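J.:
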Amino acid sequence: MADLVDSMLDLMRRLPPTHVEENVSALVQMCPDYADDLLGSVDQPLKVMTDKATGKDYLVCDYNRDGESYRSPWSNEYDPPLEDGTVPSSKLRKLEIAANEAFDTYREMYYEGGVSSVFLWDLDDGGFAGVVLLKKILTPAAPGEPSGSWDSIHVFEAAERGRQAHYKLTSTIMLQMVDRGAREGAKDAAPEGTRAGEVSLSGSMTRQTEQDWPLQDQTSHITNTGRMIEEMEIKMRNLLQEVYFGKTRDVVFDLRSVDDLEKQRRQRELQKELVGFIKR
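So in UniProt numbering the end of the sequence shown lands on 280, straight run, no missing numbers.
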């Protein structure tokens with residue numbers, strides 16, 4: 001069993017991230033007995049559902065799934081309905097409601113749109129765990145404009161130790177971007193029915209951290225995890241911008257210069273003259 005699951009996970013790491021949903025579905029059809037192990041180990045883009053009782057949108061993933069049904073954080077009900085579905089204890093449910101309200105504000109501040117959901121569950125050792133989900137989709141306003149999506153999955157465990165709590169946080173960000181724009185004149189050379197200059201970037205990044213924070217009451221868990229998630233998202237966003245997109249830009253510029261060669265030659269000659277004046 002372990003060897004087969006490891007082989008499927010190894011295969012998923014080598015397949016294009018843009019087709020992760022199709023690839024996971026194909027593997028589940030091939031090995032249905034290991035569907036839970038695969039779905040619990042592979043991060044997929046979050047999907048949006050609407051709570052029929054409240055009319056609010058929420059996100060679905062493996063953490064709020066029970067069989068083929070998904071639990072809403074707003075009404076605490078499963079869709080499709082499930083009589084014996086797993087739900088948090090009454091005490092944890094109150095904290096879950098407050099956490100959803102808090103991270104809904106966080107979503108509006110940082111994402112200016114999108115959807116957020118928080119799900120909590122009890123652990124056997126007396127602590128609890130949870131997941132904070134955030135998703136933002138960029139829909140092109142006109143044909144040819146960029147499109148993309150940002151998915152954040154923050155899974156954490158909380159263990160109370162007197163007046164402190166120890167938190168373990170695992171954060172995954174999945175990013176997809178497609179730029180279908182084409183330079184003027186380039187479309188004439190493209191095959192009919194296609195667009196020249198289309199660029200697609202996608203991938204995921206995972207980081208982990210552990211921290212201890214003071215605990216005054218149950219609502220402190222929301223403040224503490226919120227601070228950790230905020231810091232982690234800022235760090236990961238900076239990594240994406242500086243390392244990954246910076247490297248992509250360098251590669252593109254090495255392949256195709258924006259300026260013409262004659263302009264670059266004149267700039268180099270000017271630099272040499274300036275260096276010569278400085279040495280004098």
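Backbone N, C-alpha and C fix where the C-beta goes; we use that ideal spot for every residue, glycine too.
Since the structure is predicted, the reported quantities are computational estimates derived from the model, not experimental observations.
Distance cutoff 7 Å, beta carbons only. Does Gly-203 sit that close to anything in chain C?
T.: Among the chains of the structure shown, chain C does not appear; only one protein chain is present.
J.: Spatial neighbours of Ser-204 within its chain, please: C-beta separation below 8 Å, excluding the five flanking residues on both sides.
T.: Hits under 8 Å: Pro-17, Asp-43, Thr-172, Ile-173, Met-174 and Leu-175.
J.: Please classify Glu-96 as buried or exposed, where buried requires at least 16 other C-beta atoms within 10 Å of its C-beta.
T.: By the neighbour-count rule (16 or more Cβ atoms within 10 Å), Glu-96 is buried.
J.: Does the contact criterion of 3 or more C-beta pairs under 8 Å hold for the segment 209–216 versus the segment 19–31?
T.: These segments do not touch.
J.: Are the beta-carbon atoms of Val-131 and Phe-103 separated by less than 7 Å?
T.: Contact flag unset, no.
J.: Counting along the chain, where does the alpha helix (DSSP H) carrying Lys-91 start and finish?
T.: Start and end: 90–110.
J.: Helix, strand or coil: which one does DSSP assign to Val-264?
T.: Per the sequence shown, residue 264 should be read as Gln rather than Val. Three-state DSSP puts Gln-264 in a helix.
J.: Go to Gly-203, then tell me how far its beta strand (DSSP E) extends in each direction, as first and last residue.
T.: 199–214 is the extent of the beta strand (DSSP E) around Gly-203.
J.: For Gly-193 and Pro-146, what's the separation of their Cα atoms in angstroms?
T.: Note that Gly-193 has pLDDT 47, beneath the 50 cutoff, so the model's placement of it is unreliable and the number below is only indicative. If you take the alpha carbons of Gly-193 and Pro-146, they lie about 18 Å apart.
J.: With distance defined between alpha-carbon atoms, name the residue in Gly-126, Met-177, Thr-105 and Glu-269 nearest to Gly-226.
T.: Per the Cα distances, Thr-105.
J.: Residue 301: buried (16+ other C-beta within 10 angstroms of its C-beta) or exposed?
T.: This structure does not reach residue 301, given that the chain is present from 1 up to 280, and the question cannot be answered.
J.: What whole-angstrom Cβ distance do Leu-38 and Val-115 have, given they're in contact under 8 Å?
T.: Going by Cβ atoms, the distance from Leu-38 to Val-115 rounds to 25 Å, so no, they are not a contact pair.
J.: Hey, quick one: how far does the alpha helix (DSSP H) through Ser-25 stretch, first residue to last?
T.: 20–30 is the extent of the alpha helix (DSSP H) around Ser-25.
J.: What residues match up with Lys-56 in a beta bridge as DSSP calls it?
T.: According to DSSP, which records beta bridges pairwise, Lys-56 is partnered with nothing at all.
J.: How is the alpha helix (DSSP H) around residue 291 delimited, first residue to last?
T.: Any question about residue 291 goes unanswered here, given that the chain covers just 1 to 280.
J.: Measuring alpha carbon to alpha carbon, tell me which of Glu-262, Ala-129, Ser-41 and Leu-138 ends up nearest His-221.
T.: Among Glu-262, Ala-129, Ser-41 and Leu-138, the Cα nearest to that of His-221 belongs to Ala-129.
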